[in-house]
Amino acid sequence: MLIPRHEINDTQWNTFVEASPQGCIYHYTWYLDIVCPNWSAIIIGNNEHWNVIMPLPISQKMGISYALQAQFTQYSGVLFRPQEGKQLTQWNNKKRWCEAIVQHIPSSIKLFKFTFAPQFDYPLPFHWKGYQLEVKYTYWLSLEPTAKQLEEGFAKSVRQAIRKSKEQDFRLVKTDNITDLLQFSLSQKKYLPDHQYQKLPKLWEALKERDKGLVLEVRGKAGELLTGGLILKDRERWITIFGSNLNPENKDSRAVAYMLSESIQMAKRAGVAYFDFEGSMIEGVERFFRSFGGSPVPYLLISKNTLPKPLKWLK
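With the first letter of the sequence shown counted as 1, position 100 gets the number 100 in the numbering used here; the numbers rise by one all the way through.
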């Protein structure tokens with residue numbers, strides 16, 4: 001059934017997320033409260049034993065209800081409880097639980113669009129009910145190799161960028177201040193509306209309080225900010241979630257490549273299993289992420305659009 005946020009027990013929800021194979025940092029109550037306030041959730045099970053959950057932020061526009069992926073969340077969708085035992089029983093459970101989720105999605109929602117975690121492996125009930133399934137890809141870099149092997153796995157262009165960055169005396173700075181990064185990003189092309197940028201300081205404070213994030217800056221020889229990024233520290237992954245482009249006056253500085261290479265080595269030293277580049281399907285961006293030696297990881301975009309024809313453009 002659909003449960004409003006104020007009726008969801010934080011401890012029970014977050015414990016479920018922690019145990020679920022699909023669970024990650026985007027699913028915790030404190031994270032959802034910032035990126036999509038007043039979210040609800042579908043929970044299948046009894047009060048003491050949940051089988052499957054799905055956060056569901058519902059909004060309205062022109063009197064029409066829609067449910068869309070929140071900004072700053074790479075994955076949303078369905079989370080199963082962990083299972084053991086006979087494989088057939090596990091698949092039968094997933095089928096039954098996922099069918100219950102689909103059944104409880106309010107029919108009033110005319111536009112549904114979410115990306116599901118790569119570990120979500122039973123989407124058929126959505127397909128059977130007319131939802132569209134589209135495969136997307138992100139890039140994960142395994143940090144199992146040695147630090148030297150990781151760098152040797154970078155493309156020649158990345159290794160050259162690292163060398164040039166060091167020759168130009170670039171410095172990677174870990175900071176508690178996200179203001180400079182936001183102002184720097186806003187001084188360039190704006191990719192997000194103002195109300196989305198306004199969420200980042202609050203999100204950063206929540207991440208910092210829980211030691212779940214890093215703000216990194218690359219500064220030039222004179223101390224000027226060249227680029228920067230916000231990295232999430234999930235269970236076994238560090239994830240690049242927000243970053244700025246290069247300073248327009250330093251387009252050839254290779255600062256982004258330098259920042260990512262240093263971030264990868266930091267994650268390696270921290271004992272993290274993977275570095276997640278969080279996309280992208282854009283050819284030029286994909287080529288850049290691929291140059292760090294990672295592997296493409298598929299995940300699903302599941303959507304359904306039953307808007308009236310004149311409103312099909314609504315996003």
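Beta carbons are placed, not taken as given, at the ideal position from N, Cα and C, and that holds for glycine.
- A distance below 7 Å between beta-carbons, with the five flanking residues on each side excluded, links residue 169 to the following residues of its chain, in chain order: 221.
- A Cβ-Cβ distance of about 20 Å is found for the pair residue 94 and residue 112, leaving them out of contact under the 8 Å criterion.
- The Cβ atoms of residue 132 and residue 303 lie closer than 7 Å to each other.
- Each residue's CA atom was taken as its position, placing residue 261 and residue 58 some 38 Å apart.
- In this structure, the straight-line span from the alpha carbon of residue 119 to that of residue 223 is close to 42 Å.
- Rounded to the nearest whole angstrom, the C-alpha separation of residue 294 and residue 115 is 21 Å.
- Just so you know, the alpha carbons of residue 269 and residue 215 end up roughly 17 Å apart.
- Pairing residue 89 with residue 202, the inter-Cα distance amounts to about 43 Å.
- Rounded to the nearest whole angstrom, the CA to CA distance from residue 162 to residue 147 is 14 Å.
- If the five residues before and after residue 27 are omitted, its C-beta is found closer than 6 Å to the C-beta atoms of 17, all from its own chain and listed in chain order.
- For the pair of segments examined, the region 28-39 was found not to touch the region 126-140: the number of CB pairs separated by less than 8 Å stays below three.
- The region 44-105 is shown to contain whole alpha helix (DSSP H) runs of 4 or more residues at 87-104, in chain order.
- Your pair residue 230 and residue 242 checks out as a contact, with CB atoms roughly 4 Å apart and the cut at 8 Å.
- Remark: fewer than three beta-carbon pairs, one from each stretch, lie closer than 8 Å, so the region 279-299 and the region 177-189 are not flagged as touching.
- Closest in C-alpha terms to residue 282, from the list 308, 138 and 237, comes 138.
- Annotation for residue 201: the continuous alpha helix (DSSP H) segment containing it runs 199-209.
- Residue 149: member of the alpha helix (DSSP H) spanning 147-152, first to last residue.
- One thing to note: residue 101 has its Cβ within 7 Å of the Cβ of residue 54.
- Closest in alpha carbon position to residue 266, among 104, 239 and 197, is 239.
- Between the beta-carbon of residue 158 and that of residue 257 there is about 5 Å, and that keeps the pair under the 8 Å contact cut.
- Distance from the CA of residue 187 to the CA of residue 210, rounded to the nearest whole angstrom, comes to 29 Å.
- Secondary structure note for residue 138: its beta strand (DSSP E) is the uninterrupted segment 132-142.
- Taking C-alpha positions only, residue 255 is separated from residue 218 by approximately 7 Å.
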